[in-house]
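Below is one structure, written out as structure tokens; the observations come after it.
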Amino acid sequence: MECDKKYITIQQLEQHNKAGDLWISINGKVYNVSDWSKYHPGGETPLLNLAGKDVTDAFTAYHPTTAWQYLNKFFTGYRLKDYEVSEVSKDYRNIIHEFTKAGMFENKGHTAVFTLTSVAAMFGFVFYGVLCCNSLWVHLCSAMVLGMAWIQSAYIGHDSGHYIVMSGHGWNKFVQLITGNCLTGISIAWWKWTHNAHHIACNSLDYDPDLQHIPVFAVSSRLFNSMAAMEARDVNNSGVSKNLLWEAVTIHG
């Protein structure tokens, strides 16, 4: 019954916004993921960035429909008081519904296959030009084509890391490993972890992994004291690295 339901305000939800005390709201229901956040398949960083907030749209965008069945175990019994969906979120959810109904998330085109074929052809040209020709111009052309091949490989690796671009999960994983791990030397598992977190916490100095370039350079001096959630946090204890980074920020920033 409605009278038996317990409610909290959005201000009360916002108080649970840190590691060890991490609550989120999905469709007006409040969930406590404090102890589970470190086991989150997408990493703890996205949850820390969204802690104490309504995450309905993010949850819908980054989880399959099968994930909904696991939410009840984290339900606190509370619901958000005066919960409302913004017009922007309504439009977004309508688009998702229409795209799903039209099968646009299921139907695969030929773009990925065409791109992979072109990448294979370019690599074939590069190998032939380098191994079978002595002409300087052929070698220069091979270098240019190699760069183009890597760019196209990165594109298809990016898309396959975000969603299924092939006919099935097996082929999609194969494309990820070829374009990511093999051709560009980037672990596709690491890339998916950091890049999905980047989209959740876009350009956040505290939680966006794509802004973490330490110990090469720092985009802000704030990163010296706000890297607890990032893989580069050990640099905080390195005097040499910190001094080099500070010089880069003050001189070149």
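In this text, residue positions in the sequence shown follow the UniProt record's numbering: the first is 1, and each later residue adds one. Backbone N, C-alpha and C fix where the C-beta goes; we use that ideal spot for every residue, glycine too.
**Prompt:** Could you give the residue range of the alpha helix (DSSP H) that holds Val30?
**Reply:** Unbroken run through Val30 is the beta strand (DSSP E), 29–32; no alpha helix (DSSP H).
**Request:** State yes or no: is the C-beta of Leu50 within less than 8 Å of the C-beta of Ser34?
**Result:** no
**Message:** Please report the distance separating the alpha-carbon of Lys6 from that of Glu84.
**Reply:** 17 Å
**Item:** Cα-Cα separation, Ala229 to Ala58
**Value:** The pLDDT assigned to Ala229 is 44, lower than 50, so where the model puts this residue is not dependable, and the model offers no usable value.
**Prompt:** Okay, do the region 126–146 and the region 155–163 touch, 3+ Cβ pairs below 8 Å being the bar?
**Reply:** no
**Asked** What are the residues that DSSP puts in a beta bridge with Ile151?
**Response** In DSSP, Ile151 forms no bridge with anything.
**Message:** For Thr76 and Leu205, I'd like the C-alpha separation in whole angstroms.
**Reply:** 30 Å
**Request:** Please classify Tyr209: is it buried, with 16 or more other beta-carbons within 10 angstroms of its beta-carbon, or exposed?
**Result:** Residue identity check: residue 209 is Pro in the sequence provided, not Tyr. Label assigned to Pro209: buried.
**Prompt:** In this structure, what does DSSP give as the bridge partners for Arg79?
**Reply:** Tyr7, Lys29
**C-alpha gap between Val175 and Gln11, whole angstroms** = 45 Å
**Asked** Just the Cα atoms here: how many angstroms apart are Tyr62 and Val88?
**Response** 18 Å
**Request:** For Gln69, count neighbouring C-beta atoms within 10 Å of its own C-beta (all shown protein chains included) and say buried if the count is 16 or more, exposed if not.
**Result:** exposed
**Inter-residue Cα distance where the pair is Asp54 and Ala112** = Going by the C-alpha atoms only, they are around 35 Å apart.
**Request:** Within its chain, find whatever has a CB closer than 8 Å to the CB of Ile186; leave out the 5 residues flanking it on each side and keep chain order.
**Result:** Around Ile186, the same chain offers Gly157, Gly180 as residues with beta carbons nearer than 8 Å, after the five sequence neighbours per side are excluded.
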